[in-house]
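Quick notes on the structure that follows.
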Amino acid sequence: MPQDPTERRVVVTGPPRRARPASGYYRPRTEIDEQTTLGHTYVRSLMRTQLRAGLTVFAVLALLVGPLPLVFAATPDARRLEWAVLGFGLYPPLVLLARWYVRRAERNERDFVRLVEDR
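Residues in the sequence shown are numbered consecutively from 0, following numbering that gives the first Met the number 0.
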């Protein structure tokens, strides 16, 4: 039985059922090493978070130490108070700020490494 020339056979294709991993799969580390736009974006993001942590510490320090000259000027003849505040009162907050900053910077770097290593 001959086929009618007006009838056509239609072939329907779809995506492969098993997708093979591409040979040049995505590696953020190579993006950073090759200094591509995406690698630049990754590094800029890390630097932005580190800058944000540094500016936060600076702002807290400025609010903590900045008004001290006004306080000392308002209290005449308070030399012992000045030495006590400067010698003992500022040390614990400075240590806590430094500790917070170091932990925050290490956490930012850990998150960055996790982002770059994992996909």
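Where a beta carbon is used, it is the ideal one built from N, C-alpha and C, also for glycine. This structure is a prediction, so every number in the text was calculated from the model and none was measured.
Which class does residue i belong to by DSSP, given the choice of helix, strand or coil?
i	result
G88	helix
R74	First, the residue type needs correcting, since residue 74 is Thr and not Arg in the sequence shown. Correct three-state label for T74: coil.
P66	coil
E6	coil
G13	coil
Taking the alpha-carbon positions, what's the residue i to residue j distance?
i	j	result
L80	Q49	36 Å
I31	A97	29 Å
L89	D110	32 Å
G86	V94	13 Å
W99	W82	26 Å
L63	G38	38 Å
If you check the beta carbons only, do residue i and residue j fall under 7 Å apart?
i	j	result
R103	A58	no
P27	V115	yes
How far does the alpha helix (DSSP H) with residue i in it extend, from its first residue to its last?
i	result
R28	P27 to D32
Legend entry - Three CB pairs or more closer than 8 Å across the segment 55 to 71 and the segment 36 to 44: no
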